[in-house]
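Trainee: Top line first, the protein sequences correspond to chains A and B. Per my numbering, the first sequence starts with residue 1, numbered consecutively. Per my numbering, the second sequence starts with residue 1001, numbered consecutively. For each residue, glycine too, the CB sits at the ideal point set by N, CA and C. Nothing here was measured: the structure is a model prediction, and the numbers come from that model.
There are 2 protein chains.
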Amino acid sequence: MPYGYMGKILHVNLTNRTIEIEEPPELFYRMYMGGSGLAMHYLLNMLEPGVDPLGPDNVLVLSVGVLTGAPISGLSRVMANAKSPLTGAIGDAQGGGFWPVEFKNAGFDAIVITGKADKPVYLWIQDGQAEIRDAGHLWGKVTGEVDKAIREELGDPRIQILQIGPAGEKLVRFAAIMNMSTRACGRTGMGAVMGSKNLKAVAVRGHGRIEMADPDKVRELAQWGRENFEHTGMWAFGLHGTAGGVNSLQELGALPTRNWSSGVFEGWEKIWGQTMSDTILKERDTCYGCIVRCKRVVEAKEPYEVDPYYGGPEYETVASLGSYCGVDNLVAIAKANELCNKYGMDTISCGGTIAWAMDCYEKGILTKEDTDGLELKFGNAEAMVQLVQKIADRQGFGDLLAEGSYRAAQKIGKGTEELVVTVKKQEYPAHVPQAKRSLALVYAVNPFGADHMSSDHDPNYDPGADKATHARASVLGLINPVPNRDLSNEKVRWAMVTEYAYSFLDCCGTCQFVWGPTWQLYDMDQLRELVRGITGWRVSIHELLEVGQRRLNMMRAFNVREGLGKEDDMLPKKGFIALKGGATDGVSVDKEEFLKARDLYYAMNGWDENGVPLPGTLAKLRLEWVAEKLK
Amino acid sequence: MPYGYMGKILHVNLTNRTIEIEEPPELFYRMYMGGSGLAMHYLLNMLEPGVDPLGPDNVLVLSVGVLTGAPISGLSRVMANAKSPLTGAIGDAQGGGFWPVEFKNAGFDAIVITGKADKPVYLWIQDGQAEIRDAGHLWGKVTGEVDKAIREELGDPRIQILQIGPAGEKLVRFAAIMNMSTRACGRTGMGAVMGSKNLKAVAVRGHGRIEMADPDKVRELAQWGRENFEHTGMWAFGLHGTAGGVNSLQELGALPTRNWSSGVFEGWEKIWGQTMSDTILKERDTCYGCIVRCKRVVEAKEPYEVDPYYGGPEYETVASLGSYCGVDNLVAIAKANELCNKYGMDTISCGGTIAWAMDCYEKGILTKEDTDGLELKFGNAEAMVQLVQKIADRQGFGDLLAEGSYRAAQKIGKGTEELVVTVKKQEYPAHVPQAKRSLALVYAVNPFGADHMSSDHDPNYDPGADKATHARASVLGLINPVPNRDLSNEKVRWAMVTEYAYSFLDCCGTCQFVWGPTWQLYDMDQLRELVRGITGWRVSIHELLEVGQRRLNMMRAFNVREGLGKEDDMLPKKGFIALKGGATDGVSVDKEEFLKARDLYYAMNGWDENGVPLPGTLAKLRLEWVAEKLK
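Structure below.
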């Protein structure tokens, strides 16, 4: 069953248990491409402003894109979008694995899920057909158990399963949507939205194969990738995983430590990717068709038994559940990672929330009476692991932390609010704005809260020093040198334009480790060729950036309708405080420079002084219909 | 003497007779590329607002660009920019020939001319050196005589000469700058600016050769051009010249007739390019390295003796001096064309002004008493030819017409103002906005007055009907069908984005018949490859469009400083009146639709409601310094 690059759209109403299949025209795909670009089209059209993100009126879109299914590295990713229960703004999360291609092979690009089932259900999608099935027997089960149960029930070991764990069922506000029990659509609580709809899982099986406009071109790019892979930074990602860069970050003073008080961690070597390779690494894992193999599989017996079925920790995880918490016990981190994958939680927000609680404890604002007796000191690995379980179970103190650090602090008060490290109520990911200054801006303005996958981090180059990187970035018109640690106009341009590029990646489900503007295996020129090879559309980088810009403008319009304003594009108090120790000792983000950069960023984006897209900007992007919604 | 793609900048102060040579850094060239992009940098920085365009404080920039000198079709063009004596706004005119490459071969990209010589001079530039020489003996001479005199005087028959004719000396407001006595930088009166500075000519000789980053890539593109030329529309341009399309325009009702009263002309066949081929064509001529050979050389004895030294008429000329005036005598048109080239005048404004005078005469507002006894009826070929001579000489009635139709009408009054067909005081070129609707918008908003070379005319396609053209345009992100004869939002986007593309062409001196977004020999993808091949810069279409947008924003900023406003982005009264006869019988531009389109165009450009660039728009384009000038 060959299919075109344009999958169908599955509309599932869980309240009425109806299923409809839509086949949009080609121009729809070319405008939105897929992923969260496509999702925003549905969310803006179907969601009334002000709905409860955990109520039946929220709409959850799971999507892939026009590139998904092509046999080449870095294209198998699923996007999840809905109004976020963590941020109250647009939610957005992405994960890799094999589910995305299996879903596309079944003939679809997206599922638009509305309503709420009266009891737990799961979706079963196979080769263009979809069915709502009872999930009463799966409810409460952890992800690995569900994988097994569904495959047995449907009698096909090759079925791919996207699901929530018990944390999603319990509406933990940073619950993730998992696939393969190891790939998380982690951020902004999309798992809680799925849980609120009583939707336990989406099982898929597809026997189709994508038909491409120019398969030779795609094969040629794949061959190029195989030949050049080991000469790129991606080779190191494959070797030691994303945590392989811990040493460099430590050196740069960019390893967030003890709830963002420092950029250096004395225990860095113990949580380093290379240490992982030398100790608990069982094997390297990969997503569909990808040569990078950046995913880890770890196994341990002591001091914690860690099940390799749940993979192994990423860099974000060794930082958030490690250095954020002052924890240098890699097995404990691996155990906490296992729990997050098993119960379905975002490791970043989970670790960030625990680190915040530890900070409160260290400062004496929280005591053992608050923490169910846990001694929540920085570095207490056992307490960290226990808290992860408590959060997943919403038990005791964990029930409070399951709301995320921002809401917990609001509840507790007593100055704990000042220790929170969030934007739009979402915890910072593990890249340090003091060191990589453009992130100060991007964390603040990103529509779905602090995020590290939405722009290229500060370039560590000037055109003279690193001509290759500069040449790569220059296809985006980024032709000037960009100094480090500032928020100059050039840096703001650089942040904004790379943001468009990464936003395009999120419209296609293109892995940012494999395709992107600077340090990735393939550059934007090659990505343009890939899009041409798969779709036959004569796209240029101009058009790709415009697709990305379209997504960002739709997201911002969504937030405006939800009542978010300029004050929400702001770093937390702690974001402006100087770090201590190492290369970033005494380094802070200057608030005045930040505010100036934000004003400029709004203006360069064609938004008004409050960050609201101007009608002309939306019209340029063919989004007149969005302008109508903002009236 | 090999030189890089970046030529030097020659600064000539004619008042002080000083010459300086500047070598800007690479980033300067990458930002502006050359041509009128580069020129705008100097004009905005050096010109105070409000100067007399014909006074010594005006600055005239003659320029080529980073591509000039490469051995491939369509790259030898010179741009002239200064404050326009015709429009009072920014002036801009371009011409082909061999001068541009000779100039680049001498090591330069631009001459920035300031001040005024106390008596006639000319510039002599050879291999990196420049000299101001006396031109007293050349003053008053026609172009062909000057070509001969300078070559003899300097003793090199290969010298290329850019010059003004007697019309430029006499400050005819639409005087042209000529090279080869056949190529005109015709529009906006740049010849008058040169005349006002007592600068008769710029003679150049260069023995250098461009050194390219990737000569093989350029050769490959040249080879592709040779192999594919005869399968493109450009082949027809070569065969019958630009006037070869008269039959199609007649059929479309898009041949401007009798001062824009009709889009059809009963004498069309007599002025058609094919008729020219069959009658007076002596040979086909070409610019440096170009395979198209669109230029005509005509010769005739009766009823007028036409000297082949002065080439032959373009389409614009057979229309403006032909159908505009109701004249179907091709030899008379060829004679008028010869006079324009000999005396240095823009055929379009010249013909447009005469047609307006004929209209006034037909309506009885002008009589023989006003016209030095000429019976100025439509179709009177002899009167037309005599008037061309009178204008060049500023003699009698010609002295008034030498001011252009707008100023002449202001002087005469009596309703003649309502017969004027100008934007920003410049006469319409020969493409009919009623039929090609996007031109209604572009004529109005173009910074240097009504112009047909600043955007792609309406596409006569939908994606289904003409996939190849659609695919070509789609590299600019123009992915939607664009209906004819409307000013829909899609049409406005289409006009604006192709305007950016053509503006880029004008930054590089890239001939619009050879390189461009839709119907040209080479498309924008190939142009991107060409820029890469010559410069080694890793440009994308995104960057090329940004360079074009930068030029347009600088031009608009220039006009804002000169006091132009929204009311100047307006069609003349006659621009809204329905045409009579043929396919456009009764067809008019709807004023409300036009005003709505203009508002949208401003907004999509990131300009305020009066068409003034917003600071954020300028910042996005790295033009913070221009924003400062607008404060």
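Does the beta carbon of I1541/B come closer than 9 Å to any beta carbon on chain A?
Mentor: Position 541 of the second sequence holds residue 1541/B. True, the Cβ-Cβ gap to chain A drops below 9 Å.
Trainee: Hey, A1203/B and Y1122/B: beta-carbon distance below 9 Å or not?
Mentor: Within the second sequence, residue 1203/B is the residue found at index 203, counting from 1. Within the second sequence, residue 1122/B is the residue found at index 122, counting from 1. Yes, Cβ-Cβ distance for A1203/B and Y1122/B is below 9 Å.
Trainee: Hey, quick one: how far does the alpha helix (DSSP H) through N45/A stretch, first residue to last?
Mentor: Position 45 of the first sequence, counted from the first residue, corresponds to residue 45/A. G35 to M46 is the extent of the alpha helix (DSSP H) around N45/A.
Trainee: On the DSSP letters alone, give me the boundaries of the alpha helix (DSSP H) that T1617/B sits inside.
Mentor: As a position in the second sequence, residue 1617/B is number 617, starting the count at 1. T1617/B -> alpha helix (DSSP H) spans P1615 to K1620.
Trainee: Name the two residues that bound the continuous beta strand (DSSP E) containing R493/A.
Mentor: To locate residue 493/A, count along the first sequence from 1; it is residue 493. Unbroken run through R493/A is the alpha helix (DSSP H), N489 to C508; no beta strand (DSSP E).
Trainee: May I ask which residues mark the beginning and end of the beta strand (DSSP E) holding W607/A?
Mentor: As a working note, residue 607/A is residue 607 in the first sequence. From DSSP, W607/A is part of no beta strand (DSSP E); its letter is neither H nor E.
Trainee: So which residues on chain A does M1604/B lean against when the C-beta distance must stay under 7 Å?
Mentor: The residue you call residue 1604/B lines up with position 604 of the second sequence. Neighbours of M1604/B on chain A, chain order: G616, A619 and K620.
Trainee: With a threshold of 8 Å, are at least 3 pairs of Cβ atoms found where one atom belongs to the region 1476 to 1484 of chain B and the other to the region 1441 to 1454 of chain B?
Mentor: With the cut-off at 8 Å, the region 1476 to 1484 of chain B and the region 1441 to 1454 of chain B do not touch.
Trainee: Which stretch, first to last residue, makes up the beta strand (DSSP E) that contains K1008/B?
Mentor: For the purposes of this step, residue 1008/B is taken as residue 8 along the second sequence, with counting starting at 1. Element bounds for K1008/B: K1008 to N1013.
Trainee: Give the straight-line distance between the Cα atoms of P1463/B and A1495/B, rounded to the nearest whole angstrom.
Mentor: Taking the second sequence and counting its residues from 1, the one referred to as residue 1463/B is at position 463. Taking the second sequence and counting its residues from 1, the one referred to as residue 1495/B is at position 495. Its pLDDT being 49, under 50, P1463/B is placed unreliably in this model, and the coordinates cannot settle the point.
Trainee: Can you tell which of A619/A, L614/A, Q129/A and G95/A has the C-alpha that lies nearest to the C-alpha of K1491/B?
Mentor: For the purposes of this step, residue 1491/B is taken as the residue at position 491 of the second sequence. Comparing Cα-Cα distances from K1491/B to each of A619/A, L614/A, Q129/A and G95/A, the minimum goes to A619/A.
Trainee: Using a Cβ-Cβ distance under 9 Å, would R528/A count as near chain B?
Mentor: Counted from its first residue, the first sequence places residue 528/A at position 528. Yes, R528/A lies at the interface with chain B (some Cβ there is under 9 Å from its Cβ).
Trainee: With DSSP as the reference, label N81/A as helix, strand or coil.
Mentor: In the first sequence, counting from the first residue as 1, residue 81/A sits at position 81. Of the three classes helix, strand and coil, the one that applies to N81/A here is strand, per DSSP.
Trainee: Could you name the residues of the same chain whose beta carbon sits closer than 7 Å to that of F174/A, not counting the 5 residues immediately before and after it, in chain order?
Mentor: Reading the first sequence from its first residue, position 174 is the one you call residue 174/A. Counting only Cβ-Cβ distances below 7 Å, and skipping sequence neighbours, we find L86, G189, M345, D346, S349, C350 and G404.
Trainee: Consult DSSP for W537/A and reduce its assignment to one of helix, strand or coil.
Mentor: As a working mapping, residue 537/A is identified with position 537 in the first sequence. DSSP places W537/A in coil when its eight states are reduced to three.
Trainee: Could you name the residues of chain A that V1475/B contacts, counting a contact when the two beta carbons are closer than 9 Å?
Mentor: Within the second sequence, the letter at position 475 stands for residue 1475/B. Those within 9 Å of V1475/B in chain A are R538, V539, S540, H542 and E543.
Trainee: Output yes if chain B places a C-beta closer than 9 Å to the C-beta of I479/A; else output no.
Mentor: To locate residue 479/A, count along the first sequence from 1; it is residue 479. So, interface residue.
Trainee: State whether the region 1369 to 1386 of chain B contacts the region 1243 to 1251 of chain B, with contact taken as three or more CB pairs (one from each stretch) at a distance under 8 Å.
Mentor: Touching, no, given that fewer than three Cβ pairs across the two stretches are closer than 8 Å.
Trainee: Alpha carbon to alpha carbon, what distance is there between M570/A and I577/A?
Mentor: Counted from its first residue, the first sequence places residue 577/A at position 577. Counted from its first residue, the first sequence places residue 570/A at position 570. The straight-line gap from Cα to Cα measures roughly 14 Å.
Trainee: In angstroms with no decimal places, state the Cα-to-Cα distance between V1218/B and P1071/B.
Mentor: Residue mapping note: residue 1218/B aligns to position 218 of the second sequence, counting from 1. Residue mapping note: residue 1071/B aligns to position 71 of the second sequence, counting from 1. Whole-angstrom Cα-Cα distance: 8 Å.
Trainee: Residues of chain E with CB under 7 Å from R1437/B, in chain order?
Mentor: Going by chain labels, chain E is absent from the structure shown, which instead holds the protein chains A and B.
Trainee: Distance check for G449/A and E427/A, CA to CA, integer angstroms please.
Mentor: The sequence position of residue 427/A within the first sequence is 427, counting from 1. The sequence position of residue 449/A within the first sequence is 449, counting from 1. Cα-Cα distance, rounded: 8 Å.
Trainee: List the residues of chain B whose Cβ lies closer than 7 Å to the Cβ of N489/A, in chain order.
Mentor: One-based indexing of the first sequence puts residue 489/A at position 489. Within chain B, the residues near N489/A are A1619 and E1624.
Trainee: Answer with yes or no whether the minimum CB distance from E1427/B to chain A is below 9 Å.
Mentor: Numbered from 1 along the second sequence, position 427 holds the residue referred to as residue 1427/B. So, not an interface residue.
Trainee: Determine the DSSP secondary structure at P463/A, reduced to helix, strand or coil.
Mentor: Here residue 463/A refers to the residue found at position 463 when the first sequence is read from its first residue. With a pLDDT of 49 at P463/A, under the threshold of 50, the modelled position of that residue is not reliable, and no figure is offered here.
Trainee: In angstroms with no decimal places, state the Cα-to-Cα distance between H470/A and S84/A.
Mentor: Along the first sequence, one-based indexing puts residue 470/A at 470. Along the first sequence, one-based indexing puts residue 84/A at 84. Straight-line Cα distance between these residues: approximately 37 Å.
Trainee: If you drop the 5 nearest sequence neighbours on each side, which residues of the same chain put their C-beta closer than 6 Å to that of H240/A?
Mentor: Here residue 240/A refers to the residue found at position 240 when the first sequence is read from its first residue. Excluding positions up to five away in sequence, the list reads G273, Q274 and S277.
Trainee: Need the endpoints of the alpha helix (DSSP H) that G1404/B sits in, please.
Mentor: Looking up residue 1404/B in the second sequence gives position 404. Counting along the chain, the alpha helix (DSSP H) containing G1404/B begins and ends at G1404 to I1412.
Trainee: Under the three-state reduction of DSSP, which class applies to Q434/A: helix, strand or coil?
Mentor: Residue 434/A sits at position 434 when you count from the first residue of the first sequence. Q434/A: coil per DSSP, three-state reduction.
Trainee: Just verifying my parser: in three-state terms, what is the DSSP assignment at V1482/B?
Mentor: Counted from its first residue, the second sequence places residue 1482/B at position 482. Correct three-state label for V1482/B: coil.
Trainee: Closer than 9 Å, CB to CB, is R1205/B near chain A or not?
Mentor: Within the second sequence, numbered from 1, the residue matching residue 1205/B stands at position 205. No, because no Cβ of chain A sits closer than 9 Å to the Cβ of R1205/B.
Trainee: Which runs of the alpha helix (DSSP H) fall wholly inside the region 1242 to 1329 of chain B and span at least 4 residues, in chain order?
Mentor: Runs found: 1246 to 1252, 1268 to 1271, 1273 to 1278 and 1315 to 1320.
Trainee: Quick one: which chain B residues come within Cβ less than 7 Å of R30/A?
Mentor: Against the first sequence, residue 30/A aligns to sequence position 30. Within 7 Å Cβ-Cβ: I1479.
Trainee: Pull up the CB-CB distance for G1238/B and R1205/B, whole angstroms please, since I reckon it's below 8 Å.
Mentor: In the second sequence, counting from the first residue as 1, residue 1238/B sits at position 238. In the second sequence, counting from the first residue as 1, residue 1205/B sits at position 205. With a Cβ gap of about 29 Å, G1238/B and R1205/B do not count as contacting.
Trainee: Cβ closer than 7 Å: which chain A residues qualify as neighbours of E1230/B?
Mentor: In the second sequence, residue 1230/B corresponds to position 230, counting from 1. Within chain A, no residue comes near E1230/B; the closest Cβ sits about 23 Å away, beyond 7 Å.
Trainee: Does the beta carbon of R1296/B sit closer than 9 Å to a beta carbon anywhere in chain A?
Mentor: For the purposes of this step, residue 1296/B is taken as the residue at position 296 of the second sequence. Cβ-Cβ to chain A under 9 Å: no for R1296/B.
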